[in-house]
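What follows is a short report on a single structure.
In my numbering, the protein residues as written are 12 to 108.
Next comes the structure, spelled out in structure tokens:
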């Protein structure tokens, strides 16, 4: 691991990865907390199991903190159960990057 910061989310050890980006007239940053121990792999949940082009991590993103043009956002896994998984994407908004 390139970063030494860790924290535990839902009993899983997560490692911190930071990304700064600068697109056309648009700057921002994101911090990802990634667990290699999480039982769901990225094929089931592409958003939170994402692979980033400019970082080199494997595992599942249990928390993401972003800042884009002064606006902060957080995505965090708060519960895991053994029931069938369904995602309602109708309530999602585009993140703008």
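Cβ coordinates follow ideal geometry from the N, Cα and C atoms, glycine included. These numbers were taken from a predicted model, which means no experiment stands behind them.
Find the nearest neighbour of residue 24 within the set 87, 78, 31 and 47, judged by alpha-carbon distance.
It is 47 whose Cα lies nearest to the Cα of residue 24.
Quick check on this structure: which residue in 41, 22 and 31 has the alpha carbon closest to the alpha carbon of residue 86?
Here the closest residue by C-alpha is 41.
Between residue 78 and residue 22, which are expected to be in contact by the criterion C-beta below 8 Å, what is the C-beta distance as a whole number of angstroms?
So it is not a contact: roughly 28 Å between Cβ atoms.
Does residue 73 come out as helix, strand or coil in the three-state DSSP assignment?
It is a strand residue.
Going straight from the alpha carbon of residue 44 to that of residue 16, what length do you get?
In a straight line, the C-alpha of residue 44 is about 9 Å away from that of residue 16.
Taking the beta strand (DSSP E) that residue 91 falls in, what are its first and last residues?
That residue, residue 91, is in no beta strand (DSSP E); it is neither H nor E in DSSP.
Secondary structure at residue 19, three-state DSSP: helix, strand or coil?
Reduced to three states, the DSSP call for residue 19 is strand.
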